[in-house]
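As they're listed, the protein sequences go chains W and H. Under the numbering used here, the first residue of the first sequence is numbered 1, with each subsequent residue one higher. Under the numbering used here, the first residue of the second sequence is numbered 1001, with each subsequent residue one higher. Idealized CB from N, CA, C, for every residue including glycine. Computed from a predicted model, the values in this text were never measured in an experiment. Structure first, then comments.
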Amino acid sequence: MKKITNWFSSLFSSSGEENTGAYGAPGAGKSVLISIVTTFCILAFWYITTEVLQLVRPLIFPSPTAVIDRFVDTLLYGFGDSVLTTHIGWSMYRVFTAFFLACITAIPIGILMGVNRFMRGIFDPPIEFYRPIPPLAYLPLVIIWFGIDETAKIIIIFLAIFAPLVLNTRAGVRSVAIEQIHAAYSMGANRRQVLAQIILPAAMPEILTGMRIGIGFGWTTLVAAELLAAEQGLGFMINSAANFLTTSIVVMGIIVIGVIAYAFDLLMRYIERTVVPWKGKV
Amino acid sequence: MEKLVAKKVNFIYHSKGKEDDVQALQDINLEIEDKSFVVAIGASGCGKTTLLNLFAGFLHPTTGKIFYSSSKKNKKPEKPITGPGSDRGVVFQRPMSSSGSQQITGPGSDRGVVFQRHALLPWLNVIDNVSFGLKLQNVPLKEREEVSMDNLKLVGLEDFVKSKIYQLSGGMQQRVGIARALTSNPSTLLMDEPLGALDALTRENTQELILDIWQKTSKKVFFITHSVEEAIFMATDLIVMSPRPGRITHRFKLGFCSKYLKIRDARKIKSLPEFIKIREQILEIIYADEKNN
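Written out as structure tokens, the structure reads:
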């Protein structure tokens, strides 16, 4: 029992060497090595169960080598009418177009909602109403209104990114310290200057968080969006492979989406560190 | 020479029900004369910060007025430097009446404010924070940096020009705040417990620094503190305020600050018998207020 409590308290310590015990800040220290080991263990477990011991049939879950084979195969000879890079390209085009459109609309609207009670009153009900509804539920409506071409797909992804980005931007605006605003006014700032030079930079950390959360929702919605009569795209690839019970392609597609989304998140974290280095320090 | 005046000022914080209205300030009459160092002290909730916010123009008095008054009637008071947009009355406005008094209707660069904390801009480095006010007024970069450098030297931070705000200690951050408030060359400095978050030693050093700056720049100062010792040490005019409703109950004319600027020994001044006597007197007033709550 003692051992278990010791182990539990060691979870809170910053690292093995520094003997801070359970009294340091919870979760301090680096976690990169632990993450790498975890990833390696998952891969090893996957390899051993499917390939070495063959406990699972390939239809239920394919082995890593089968997935890699599929990856190379799709890269070279394609799936459906297109090679893998084309599928990736189309999916990225859809997600990032939606992301871009969401950024140029949601961030200004979020700022307006933060600084103006009329705007908040106008935009709050529709956004809060549609936000919790799963995209698959309003997918039929989007098809009826916008058809089945690119517009509809991008709108579905756009809607998924839009709400969290608006809400984070608005929260960021509301979090600005009144002292900073007062300081600017007392130095002769006008409202426009307070907005551009105080409120906007002060809201930046939360806006970037909103972008990170938003793009995550975007990837989540991609497969749903590409259910719509798509001929290319990772979502399309996964959907049609599932129809033929080609599990290896399903798994390969999932991994590709995961890797792209994770790489983009790393990029966003890097941008966060360079753009808002003061985050959490003041 | 002009003075900053609060005349018959009442301030009421309105809430939903009429009976919940809070009279934050009642019948405040206060003159901040040129070159004076006015310190406000009092139990929490006595309206010190409300009064400062009224002087700064962040709030408007419910009744009464806050204005600049020029003692020489024939001489026109100088106009403050105002940035672009000062034509818009919402933000900043100092209409002049014929009697040579200018009512305060909003914040303006003639009154520099130093806050307790959280008022610096972490996305700018030290010198950009200090020169922020001049940038708002479209002052050219070179002039901006010269003025800011002078003020950073004044607070002893000339070696931290390019440092990030969040890398500085609390005391240094407050010195940046003071340098920033000085940069627009205001005639009045309004300081809302600027030393409240500092440790004892830093606090005493910064007290002396503020007195030095006050002497060098000969500005009028309105300073809020919770520390009785700090209040007596720094004030030329000390007002003691009482809560519910917030009002000025006692006024003292003091000279310990000018004595310090002559002999430059703060510890000696703070242990003078007359210093201790007045300290006990004021502590008694404040404790009585706290007990009555």
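| query | result |
| --- | --- |
| Beta-bridge pairing of T105 of chain W - partner residues as DSSP gives them | According to DSSP, which records beta bridges pairwise, T105 of chain W is partnered with nothing at all. |
| Proximal chain H residues relative to M187 of chain W, where beta-carbon distance stays under 7 Å | S1109, F1132, G1133, L1136, S1184 |
| Segment limits, alpha helix (DSSP H) that includes I122 of chain W | 117–130 |
| Same chain only: Cβ atoms within 8 Å of N1205 of chain H, ignoring 5 sequence neighbours per side | G1171 |
| Test: A177 of chain W CB closer than 8 Å to a CB of chain H | yes |
| Unbroken beta strand (DSSP E) run spanning F1222 of chain H, endpoints | 1220–1224 |
| Contacts that Y1166 of chain H makes with chain W (C-beta to C-beta distance below 7 Å) | W278, K281, V282 |
| Beta-carbon proximity check, A203 of chain W vs I161 of chain W, cutoff 8 Å | no |
| Beta-carbon neighbours of V1113 of chain H, restricted to chain W and to distances below 7 Å | H182, A183, S186 |
| Outcome for P58 of chain W when other beta-carbon atoms lying within 10 angstroms are tallied against a minimum of 16 | exposed |
| Cβ contact check for the region 182–201 of chain W and the region 109–126 of chain W: 3 or more pairs under 8 Å | yes |
| Residue nearest to V176 of chain W in terms of C-alpha spacing, selected from W:A242, W:N190, W:V166, W:L195 | W:L195 |
| At least 3 beta-carbon pairs within less than 8 Å: the region 1168–1188 of chain H vs the region 1127–1134 of chain H | yes |
| Chain W contact for P1122 of chain H (CB, 8 Å cutoff) | yes |
| Nearest candidate by alpha-carbon position, reference I1032 of chain H, set H:A1006, H:V1155, H:R1264 | H:A1006 |
| Per-residue DSSP class, three states only, for F1058 of chain H | coil |
| Contact set for A1181 of chain H: own chain, Cβ-Cβ below 7 Å, skip 5 residues either direction | G1112, V1113, V1114, L1189 |
| Simplified DSSP state of M1241 of chain H, which is helix, strand or coil | strand |
| Given Q1103 of chain H as reference, the closest of H:P1061, H:T1183, H:G1133, H:T1050 once Cα atoms are compared | H:P1061 |
| Closer than 8 Å at the beta carbon, the chain W residues around A1056 of chain H | H182, S186 |
| Supposed contact pair I1224 of chain H and L1052 of chain H - C-beta distance, whole angstroms, cut 8 Å | 6 Å |
| Local Cβ density within 10 Å of T50 of chain W, reported as buried at 16 or more and exposed below that | buried |
| P1107 of chain H versus H:S1069, H:E1158, H:N1151, H:L1054, residue with shortest Cα-Cα distance | H:L1054 |
| N- and C-terminal bounds of the beta strand (DSSP E) containing R1378 of chain H | Lying outside 1001 to 1293, the shown extent of chain H, residue 1378 of chain H is not represented and no answer is given. |
| Exposure of I1210 of chain H, with buried meaning 16 or more beta-carbon neighbours within 10 Å | buried |
| Beta-carbon gap between Y47 of chain W and P64 of chain W smaller than 8 Å | yes |
| Other residues of its chain near H87 of chain W: CB distance less than 6 Å, five sequence neighbours each side excluded | Q232, G233, L234, M237 |
| Interface partners of A1119 of chain H on chain W, CB under 8 Å | A177, E179, Q180, H182, A183 |
| Short Cβ contact (8 Å threshold) for K1162 of chain H with N1125 of chain H | yes |
| Listed by chain order, chain H residues near P201 of chain W by CB distance under 8 Å | L1121, W1123 |
| C-beta neighbour in chain B for E226 of chain W, strict 8 Å | Although the question refers to chain B, the structure presented lacks it and instead comprises the protein chains W and H. |
| Inter-stretch contact at 8 Å, needing at least 3 Cβ pairs: the region 1222–1237 of chain H / the region 1034–1051 of chain H | yes |
| For L1157 of chain H, the first and last residue of its enclosing alpha helix (DSSP H) | Per DSSP, L1157 of chain H belongs to no alpha helix (DSSP H) and is neither H nor E. |
| Contact check, G1246 of chain H vs T1105 of chain H, beta carbons under 8 Å | no |
| Test item: CB-CB of I1248 of chain H and L1030 of chain H under 8 Å | yes |
| Spatially closest choice to Q193 of chain W from H:M1241, H:L1201, H:N1138, by CA coordinates | H:N1138 |
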